[in-house]
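Chemist: All residue numbers for the sequence shown refer to our numbering, where the first residue is 187 and numbers rise by one.
Don't be surprised by glycine CBs; every beta carbon is placed ideally from N, CA and C.
All values derive from a computational prediction rather than experimental measurement.
Take this structure first; my questions come after.
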Amino acid sequence: MTKISVVIPVYNVEQYLRECLDSVITQTYKNLEIILVNDGSTDSSGRICNEYARKDDRIKVYHKKNGGASDSRNFGLEKVTGDLVTFIDSDDWVVNDYIEILYNEQVKTDADIVIGNYLKYDESDGKFYYYVLDEDFVVEEVDSIEAVVRQSAWKHNTSAFIILVGKLFKKEIFNNIHYPVGKIFEDDFTTHKLLFKSKKTVLVNGNYYFYRTRENSVMTSGFTLKRCYDLVDMINEKLADIVLYGGDLHDARNRAYKLLDDYKNLLEYNCLTYDPIYKNILQKKELYELGNEKNK
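Structure representation (structure tokens):
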């Protein structure tokens, strides 16, 4: 029975951590290595990790200085001893056969990546939002270029192809790939690299992962200049990677333009048009528009 490593970065989630861990330790697939990376939590999260480790010997707890989500993921990957690995955010939870479902497809197909879809739980209104209905269920192989295209255009939820969670990976696919420490949009920076590297990617289009949203609107509380700078860096790197791979830029360009336009509006809304990043975004939008004119 293949050992599967479950990496869970933990930071100040005392209110949600037990629900997350309970959903992992009760998985129908039992041969697990559960790696909890406590990223310098200042609440009781670290103590909760230790408590669960005492009652389940599959759990390994690592306490480290705060370094952010990417640093915790990289740290967790270094500790993995399983041949397969999945990531779960510590404020989310999964159905009890989540790992078994993805693993069974991995065994059938020898896929490097198995992607499951997710449903969103919005804490602000207490509602669940489904991207996949029963009639939408499908298991399909998706080639690398198509998988990256679906990061920008897919009717069932483009984020399923972007976010790290909700997937089962062969550990070896992470060789030479690390998450960008200190950057926002870490999944957008990284997941396409894994998809390009994958020799076989399989989608299991069902609702297995509960993704909790806790943040307020970026318009009112989450917007920063750093977010703008990181967005532009991410777009530059991602488009360059797609060009190097020989992929289709059409949908990625369109998504980049939409993001740039959104952040231009946010800079204007927050009276930050004096910052150089504003002109940078305007210049990139102009390039997109000139390209569209040229290719008409």
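Exposed or buried, I363, counting other C-beta atoms within 10 Å across all chains shown (16 or more means buried)?
Modeler: So I363 ends up on the exposed side.
Chemist: How about I287 and Q213: are their beta carbons less than 8 Å apart?
Modeler: Cβ distance not < 8 Å, so I287 and Q213 don't count as in contact.
Chemist: Return the CA-CA distance between T387 and Y460, expressed in angstroms with no decimal places.
Modeler: The straight-line gap from Cα to Cα measures roughly 44 Å.
Chemist: Taking the beta strand (DSSP E) that N391 falls in, what are its first and last residues?
Modeler: Element bounds for N391: 387-399.
Chemist: Under 7 Å Cβ to Cβ from M420, same chain only, skipping five residues before and after it: list those, please.
Modeler: Taken in chain order, the residues that qualify are F371, D374, F375.
Chemist: What is the DSSP secondary structure of V418, counted as helix, strand or coil?
Modeler: Three-state result, V418: helix.
Chemist: Look at the alpha carbon of I299 and the alpha carbon of F261, and state the distance between them as a whole number of angstroms.
Modeler: Taking the straight line from one Cα to the other gives about 20 Å.
Chemist: If you draw a straight line from the alpha carbon of Y443 to that of P366, how long is it in whole angstroms?
Modeler: For Y443 and P366, the distance between alpha carbons rounds to 23 Å.
Chemist: Would you say T188 and N224 are within 8 Å of each other, going by their C-beta atoms?
Modeler: No. Outside cutoff.
Chemist: Whole angstroms are fine: how far does the CA of A438 sit from the CA of K306?
Modeler: Between K306 and A438, the C-alpha separation is close to 24 Å.
Chemist: Over what stretch of residues does the alpha helix (DSSP H) that includes H249 continue unbroken?
Modeler: It is not in any alpha helix (DSSP H) - H249 instead sits in the beta strand (DSSP E) that spans 245-250.
Chemist: With H, G and I counted as helix, E and B as strand and the rest as coil, what does DSSP make of V193?
Modeler: In the structure shown, V193 sits in a strand (DSSP, three-state: E or B).
Chemist: Which class does D434 belong to by DSSP, given the choice of helix, strand or coil?
Modeler: If DSSP states are grouped into helix, strand and coil, D434 belongs with coil.
Chemist: Ends of the beta strand (DSSP E) at I301?
Modeler: Residues 299-308.
Chemist: Only counting the same chain, and skipping five residues up and downstream in sequence, which positions put a Cβ closer than 7 Å to that of L411?
Modeler: Excluding residues within five positions, the ones whose Cβ falls inside 7 Å are L458, D461, I463.
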